[in-house]
Amino acid sequence: MATRSLGPLWRKSERALLRIPIRVEGEDAYGNAFAEITSTLVVNRTGGLIIVSYLLKPGTVIKITNLQNQASCCFQVVTRASRSLTGVPEWGVKSLQPDLEIWGVYFPTRAEEPHQADLIHVLLECQKCFSREMAALTLPQYRRLMAQSSLPRPCPKCDTTGTWKMGFVEVELDEVSPRLPVAGVFELTPREAADRRQDKRLVVKLPVGVRHPDGREETSTTENLSKSGLCFASSLEMKAGDVVQVRIGLESPEAGRHVPARILWRRPAVEEGRSFYGARLEEAE
């Protein structure tokens with residue numbers, strides 16, 4: 000099946016690598032009705048990259064239900080990702096109701112973000128109503144968030160100024176609706192589930208310098224971070240097992256310190272010629 004770039008889906012707002020449990024319903028490429036419980040891989044204001052094991056036809060309209068908030072929306076299948084880390088087909092989809100916040104995350108448009116350099120995009124969660132926002136923070140705001148582990152800011156849903164904390168990439172299994180069976184990509188061993196809870200990943204986009212042993216270097220941005228690892232997008236060709244040097248943070252290249260990180264996985268990014276890489280820090284701090 001022909002594939003093409005997913006880039007146009009992500010230009011209107013910042014993207015986030017979020018594993019949101021969803022139910023997908025529609026017709027496959029053969030005209031057969033199907034329903035599948037699965038998850039998102041990447042989301043933004045107007046679309047997403049989702050896992051669906053059935054063969055779909057670009058242009059087909061499917062219904063997606065977010066199992067966290069039970070919000071439903073119609074999406075159009077845009078394309079199939081050229082490669083899949085999971086071994087299951089991954090599909091780029093475009094919302095037909097972009098004003099509906101089905102993902103449970105508010106994504107400001109590019110025009111709504113402050114006209115200021117060095118903005119840091121962070122997934123924040125209101126501690127009163129638990130609404131989430133992919134917020135563009137100034138450097139002072141980000142430093143305050145890191146120093147205090149929270150940030151006071153207005154919430155449009157609460158209509159008050161309250162406490163916001165950083166949000167996680169993945170949802171715990173018990174947060175999925177108990178009325179629906181959860182299987183497939185959500186089946187974890189007790190050990191895997193425990194490891195995931197202890198090493199939760201935060202959605203924060205910081206500058207990251209990557210240096211390969213063969214001398215190639217690139218400056219990119221993290222997609223998420225945990226105590227022991229990171230995910231970032233890069234045009235460098237790397238493979239699982241490679242050990243690279245990474246420098247994460249806002250310091251200048253001269254002031255920052257490189258630490259070794261081992262590449263664990265690779266998947267195609269939404270931009271042509273780039274890939275997402277997951278890496279574990281060899282010196283976890």
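With our numbering applied, the sequence shown covers 0 to 284.
Where is the CB? At the ideal position from N, CA and C, for every residue including glycine.
Where residue i falls, given that 16 or more other Cβ within 10 Å makes a residue buried
{"i": "CYS157", "result": "exposed"}
{"i": "ASN223", "result": "buried"}
{"i": "MET133", "result": "buried"}
{"i": "LYS226", "result": "exposed"}
{"i": "VAL87", "result": "exposed"}
{"i": "GLY240", "result": "exposed"}
{"i": "ALA28", "result": "exposed"}
{"i": "GLY214", "result": "exposed"}
{"i": "THR64", "result": "buried"}
{"i": "ARG131", "result": "buried"}
{"i": "GLU100", "result": "buried"}
{"i": "ALA34", "result": "exposed"}
{"i": "GLY277", "result": "buried"}
{"i": "MET145", "result": "exposed"}
{"i": "PRO20", "result": "buried"}
{"i": "GLY30", "result": "exposed"}
The beta strand (DSSP E) enclosing residue i, as first and last residue numbers
{"i": "ALA146", "result": "That residue, ALA146, is in no beta strand (DSSP E); its alpha helix (DSSP H) goes 138-147."}
{"i": "LYS226", "result": "Careful: LYS226 lies outside any beta strand (DSSP E) and carries neither H nor E."}
{"i": "ARG261", "result": "258-267"}
{"i": "HIS120", "result": "119-125"}
{"i": "CYS154", "result": "150-154"}
{"i": "ARG22", "result": "20-26"}
{"i": "LEU40", "result": "32-42"}
{"i": "ARG246", "result": "242-247"}
{"i": "THR160", "result": "159-165"}
{"i": "PHE275", "result": "274-280"}
{"i": "PRO206", "result": "206-210"}
Close beta carbons around residue i, own chain, < 8 angstroms, minus the five adjacent residues each side
{"i": "SER12", "result": "ASN43, ARG44, THR45, PHE106, PRO107, THR108, ARG109, MET133"}
{"i": "ARG143", "result": "LEU150"}
{"i": "ALA70", "result": "THR64, LEU99, GLU100, ILE101, GLY103"}
Neighbourhood of residue i by C-beta distance below 6 angstroms, restricted to the same chain and skipping five residues each side
{"i": "THR2", "result": "Confidence is the limiting factor: at THR2 the pLDDT is only 45, short of 50, which leaves the residue's position unreliable, though a coordinate-based value still follows. For THR2, where only same-chain residues beyond five positions count, the Cβ hits under 6 angstroms are THR78, ARG79, SER81."}
{"i": "SER176", "result": "Only weak support exists for where SER176 lies, its pLDDT of 35 falling under 50; the value from the coordinates is given anyway. Closer than 6 angstroms at Cβ, skipping near neighbours: LEU66."}
{"i": "PRO155", "result": "none"}
{"i": "ARG14", "result": "VAL41, ASN43"}
Contacting residues, own chain, Cβ-Cβ under 7 angstroms from residue i (five flanking each side not counted)
{"i": "ARG210", "result": "GLU216, VAL243, GLN244, HIS257"}
{"i": "PHE167", "result": "LYS199, ARG200, LEU201"}
{"i": "LEU55", "result": "ASP27, ALA28, VAL76, TRP90"}
{"i": "PRO97", "result": "ARG44, THR45"}
{"i": "ALA32", "result": "GLU26"}
{"i": "LYS62", "result": "GLU24, GLY25, SER71, CYS73"}
{"i": "PRO57", "result": "VAL76, VAL77, THR78"}
Whole-Å CB distance - residue i paired with residue j, under 8 angstroms assumed
{"i": "LEU16", "j": "VAL41", "result": "5 angstroms"}
{"i": "LEU90", "j": "CYS125", "result": "Inspection of the sequence shows that residue 90 is occupied by Trp rather than by Leu. Rounded, the Cβ-Cβ distance is 31 angstroms, inconsistent with contact."}
{"i": "LEU249", "j": "LEU205", "result": "7 angstroms"}
{"i": "THR218", "j": "VAL203", "result": "Actually they do not touch by this definition, with Cβ atoms about 16 angstroms apart."}
{"i": "ALA135", "j": "LEU118", "result": "4 angstroms"}
{"i": "VAL104", "j": "ILE49", "result": "Contact doesn't hold; Cβ gap of about 15 angstroms is too wide."}
{"i": "VAL23", "j": "THR37", "result": "6 angstroms"}
{"i": "SER234", "j": "ARG279", "result": "Actually they are not in contact, since the Cβ atoms of SER234 and ARG279 sit about 21 angstroms apart, beyond 8 angstroms."}
{"i": "GLU281", "j": "ARG261", "result": "6 angstroms"}
{"i": "ALA152", "j": "THR160", "result": "According to the sequence as given, residue 152 is Arg; it is not Ala. Sure, about 7 angstroms apart at Cβ, within 8 angstroms."}
{"i": "ARG18", "j": "GLU236", "result": "No, ARG18 and GLU236 are not in contact; Cβ-Cβ is about 26 angstroms, not under 8 angstroms."}
Contact with chain E by residue i, beta-carbon distance below 9 angstroms
{"i": "LEU263", "result": "Here chain E cannot be found, since the structure has a single protein chain."}
Of all the beta strand (DSSP E) runs that stay within the bounds of the segment 45-106, which reach a length of 3 or more residues?
For the segment 45-106, whole beta strand (DSSP E) runs of length 3 or above, ordered along the chain, are 46-50, 60-65, 71-79, 89-94.
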